[in-house]
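FYI, the numbering for the sequence shown is -24 to -1, 1 to 627, going by mature numbering (1 follows the signal peptide of the UniProt record, and there is no 0).
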Amino acid sequence: SGGGVGRGMAGGCRLLLLLALGRASAPPGGMLYPRETPSRERKELGGLWSFRADFSPGRDAGFVQRWYRQPLRQSGPVIDMPVPASFNDITQDPNLENYIGWVWYEKEVLLPLRWLREDLNTRVVLRFGSAHYYSIVWVNGVQVVEHEGGHLPFEADISSIVQGSPGIPCRITVALNNTLTPHTLPPGSIQYMNDKTRYPKNYFVQNIRFDFFNYAGIHRPVVLYTTPSVYIDDITVTTTSSESVAMVQYQVSVVGSTLYSLSLSLRDQEGKVVATGDGPAGELKVLKPNLWWPYLMHENPGYRYSLEVKMQTQVNGALLEDVYTLPVGIRTVHVTSTRFLINGRPFYFHGVNKHEDADIRGKGLDWPLVAKDFNLLRWLGANSFRTSHYPYAEEIMDLCDAYGIVVIDECPGVGIKMPESFGNKSLQHHLLVMEELIRRDKNRPSVVMWSVANEPASELPPAAYYFKTVIAHTKALDPSRPVTFVTDANYALDRGAPYVDVICVNSYFSWYHDPGHLEVIPLQLTTQFENWHKTYEKPIIQSEYGADSVPGLHSDPPLMFSEEYQKAMLKEYHSVFDKKRKEYVIGELIWNFADFMTNQGTTRVLGNKKGIFTRQRQPKSAAFVLRERYWKIANESRCLPPIIKSHTLFL
């Protein structure tokens, strides 16, 4: 668990009130990524924003004094805060590093005149890639949107507020609360320490049941973008294929008018039109398609076509046109009792688990870090990762599509341990989060499976109905992909496992269990696999395994926390993987790609050290063990052209 010092419970109670009202529901419609097109413009709002944490006794001064009604600097002192970034590690203030409650952001921006003329039929939208955890947004003092949950985008049409006032700055105010409750995703709880002989008055801590730091702030890009007043709101694409022909099924929704025409053009990477269509739903036929293949499974991985959708309509006698271009990868996914097939060929996950985590910026999107991570993934020979334990930034997902990195897309369902987190209130929110996640990522070829949770208390009786419902809802939203959740429960007690398509299991033999005894791994891991497969007859991914290692700490014979112990543990696991991947094991994902920050604790020395890279992305000894293994597996694959050699790529 992690702590935050507070001086009163009103801030936490206000959040609970907001959640109870259920006002922050997902709006109907699409969530297309804002792209510039001939009919659309975008304006980035990244940089320094004004910032204030509400340290008032009840954390509610901002609402009582209505800070959103005037520039934030007029109601008290502000500091500069970078966006996107977590606020926790930016300053030297320890109270801000562990702050729990409401913080306030503000940005003033001038909009182009052409956006503000009502006669041009322009719609202006404010969009947040994500903010953690509960957000309320005002524009010029008018509340425009409220959203519960980090890691997923939300937006508001602000046309009526900003248009008609040219030359006046657009003032964007955000109130953000990082409090976690038993019914949030991820869950948490506020605990008040009432022993006045040990704690100051009104002292409380935020308890969490997950092992990473609860960074907070505006973590992803904030943009203003425009569309015509009649616009393409959503596009849904699914694909089927054979070697000679592919079918691209599409659905397009338009908002603002019922009288419009739609035309579609599918272009290859050379710009050649390979198929055309019209109308809001239909099918495009592609002859001799270039399929989307994973990295190291084909000499041209990550192939994407461009689907240009053009809408035309009449508004007040004038022609209005909207254009949106969606990248499309043609690929299929199929699961058998022993195999995971992409485009009809067996796919073996040899990859990593990651975190959005780095020095100073916390969980804020950072392009140099993103580029470095993808170069390391490809150097490693990793073909996949799981978005542990929340959806990652859309910009990261775009690169997975482009590079052919396969993704298990996980929602923020981590730390679901308390019985009250399996009730109807939690379930309702979980279903909503899956709707938002699928709405965002449904068209991505890299996403081959949804994960609805990580290490829940799935042995509890209410877990059966809970996961049956969440998984059925997910499949109804997207029948084209398998669904899983990641378990660490006993195979005989897990009440959610009957409903998944692929068994994903985490185990840490000789670390959390029998620590220091590497010799127990072969027997215990073999038994684990055999029990799960005998019970469910489904393919299995080892979704987590690993050991902490402090870089530069050496020991021979290997002792825990040394680089040698991490290497030795990996090799013991790998010997079992090599036997079982000939049968029904379809993947291995190391925990973790890089060291990451956690709450302070007696087992955590500046965070979790299970990375094969340091937090600064420098390799430990285990990285070279894994690199040799992953390239060997890739080169053994029948689908890999023999010309691809580990020593000729990405050095």
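For each residue, glycine too, the CB sits at the ideal point set by N, CA and C.
Unbroken alpha helix (DSSP H) runs of no fewer than 4 residues, entirely contained in the stretch 1 to 69, are found at 37 to 40, following chain order. Looking at the backbone, the Cα of Arg103 and that of Thr590 are separated by about 33 angstroms. The stretch 320 to 333 makes contact with the stretch 544 to 564, as at least three CB pairs between them are under 8 angstroms. By alpha-carbon distance to Arg49, the top candidate from Val59, Gly38 and Phe186 is Gly38.
Around the Cβ of Asn351, a 10 Å sphere holds fewer than 16 other Cβ atoms; the residue is exposed. Secondary structure at Trp567: coil, using DSSP grouped into helix, strand and coil.
Across the structure, Tyr512 and Glu559 are spaced so that their CA atoms are roughly 14 angstroms apart. Of the residues assessed, Val581 falls on the exposed side of the cut-off, its CB having fewer than 16 other CB atoms within 10 angstroms. For Arg18, the closest C-alpha among the options Gln46, Thr202 and Leu87 is that of Thr202. Residue state for Ile381 is assigned as coil, using DSSP reduced to three classes. Contact between the stretch 515 to 533 and the stretch 466 to 484 is present: 3 or more CB-CB pairs across the two stretches fall below 8 angstroms. A contact between stretches requires three or more CB pairs, one per stretch, nearer than 8 angstroms, and the stretch 63 to 74 fails this requirement with the stretch 155 to 173. Excluding sequence positions up to five before and after Ala468, its CB lies within less than 8 angstroms of the CB of Asn507 and Thr511, all in the same chain and listed in chain order. For Ala222, the closest C-alpha among the options Val230, Glu259 and Lys451 is that of Glu259. If the five residues before and after Val113 are omitted, its C-beta is found closer than 6 angstroms to the C-beta atoms of Val120, Val121 and Val150, all from its own chain and listed in chain order. Setting aside the 5 residues that flank it on each side, Val291 is surrounded in the same chain by Asn97, Ser205 and Val206, each with a C-beta closer than 7 angstroms to its C-beta; the list follows chain order. If you check the CB distance, Gly143 and Pro270 do not come in under 7 angstroms. Listed in chain order, the beta strand (DSSP E) runs fully inside the stretch 276 to 310 are 281 to 291 and 294 to 304, counting runs of at least 3 residues. For a cut-off of 8 angstroms, the C-beta gap from Ala192 to Leu128 is around 15 angstroms, too long to register as a contact. A direct Cα-to-Cα measurement between Ile184 and Pro158 gives close to 10 angstroms.
Apart from the 5 residues on each side of it in sequence, Thr574 sits with its Cβ closer than 6 angstroms to the Cβ of Asp187, Phe188, Phe189, Arg580, Gly583 and Asn584 in its chain, given in chain order. Gln182 is classed as buried because its beta carbon has at least 16 other beta carbons within 10 Å across all chains shown. Rounded to the nearest angstrom, the Cβ distance from Gln504 to Ser483 is 6 angstroms, consistent with a contact under 8 angstroms. With contacts defined as CB atoms closer than 7 angstroms, Ala544 and Leu494 qualify as a contacting pair. One Cα belongs to Ser525, the other to Ile134, and the distance between them is close to 50 angstroms.
With 16 or more other Cβ atoms from the protein chains shown falling within 10 Å of its own Cβ, Val79 counts as buried. Around the beta carbon of Pro4, fewer than 16 other beta carbons lie within 10 angstroms, which makes this residue exposed.
About 7 angstroms separates the CB atoms of Ser360 and Val383; that is less than 8 angstroms, so the two are in contact. Within the model, the alpha-carbon separation for Ala523 versus Ser402 is close to 33 angstroms.
DSSP, read as helix, strand or coil, puts Trp269 in coil.
The bridge partners DSSP lists for Arg416 come to none. By the neighbour-count criterion, in which a residue is buried when 16 or more other Cβ atoms sit within 10 angstroms of its Cβ, Phe553 is buried. The three-state reading of DSSP puts Ser136 in helix, counting H, G and I together.
In the displayed model, Gln225 falls within a strand according to three-state DSSP. In the displayed model, Ile588 falls within coil according to three-state DSSP, outside both helix and strand.
Under DSSP, the beta-bridge partners assigned to Ile517 are Cys480 and Gly563.
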